[in-house]
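Asker: Anchor point for the sequence shown: position 62 equals 62 in UniProt numbering, and the numbering is continuous, going up by one each time.
Note that CB positions come from ideal geometry on N, CA and C, so glycine has one too.
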Amino acid sequence: MNPNIFQEVDVFQFNTTGQFDCIILECNTLGLFAKKDVDLLIKMKSMLKDNGKIILDVLNKNFFTSHYQKQHWFTKDNDLVLNQYDYNDNKTAINVKEIRIIDNIRNDYNCTLNLYTLDDLKNILTKLDLNIINVYEDYKQNIFNNKTSRNIVLTLNKSA
């Protein structure tokens, strides 16, 4: 594998403009940036080539709040994942505590995630002059509806 294909860097310290055809923020990465989410999108936009695209994969706040469970767990092949969520309707974010026991090794994770409705995303992206091309519920290109757990938003850099 070419070692120059993937780089691990602090995105806010990565000084490049107009270099990328597409940037993917997967698995609610945008939500991890809490108060810097708009700053992150501004930075991503500056890194795009003309007609470049950003793909956002975020939790659908409407789905999450209507299916909210304080705790849940699941298993597969003797591995176990336990999740605990701290959320109330006055917040735009959730606190997540997760315990993963994989191959008998325990790892604990804690994070805060911003939650977004599709309208929230549309407002943010419109202010940044990013045009929404389409919204999906999954990577099979099934069209989004408010009852699905994810918003997968494909945007186009309008400044091209």
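Helix, strand or coil for residue 38 per DSSP?
Answerer: helix
Asker: Straight-line CA distance for residue 103 to residue 81?
Answerer: 12 Å
Asker: Under a Cβ-count criterion, where at least 16 other Cβ atoms within 10 Å of its own Cβ denotes burial, should residue 87 be classed as buried or exposed?
Answerer: That one is buried.
Asker: Tell me whether residue 114 is buried or exposed, calling it buried when 16 or more other Cβ atoms sit within 10 Å of its Cβ.
Answerer: buried
Asker: Out of 147, 12, 54, which has the shortest C-alpha to C-alpha gap to residue 130?
Answerer: 54
Asker: Using only CA atoms, which one of 156, 157, 152 lies nearest to residue 57?
Answerer: Closest option to residue 57, judged by alpha-carbon separation, among 156, 157, 152: 152.
Asker: Which residue spans inside the segment 87 to 155 form an unbroken beta strand (DSSP E) run of at least 3?
Answerer: 93 to 102, 105 to 114, 130 to 136
Asker: Is residue 78 helix, strand or coil by DSSP?
Answerer: coil
Asker: Answer yes or no: do residue 48 and residue 20 have a C-beta to C-beta separation smaller than 7 Å?
Answerer: Yes, they are a contact pair.
Asker: Between which residues of its own chain and residue 116 is the CB-CB distance below 6 Å, once the five residues before and five after are set aside?
Answerer: So the qualifying residues of the chain are 58, 61.
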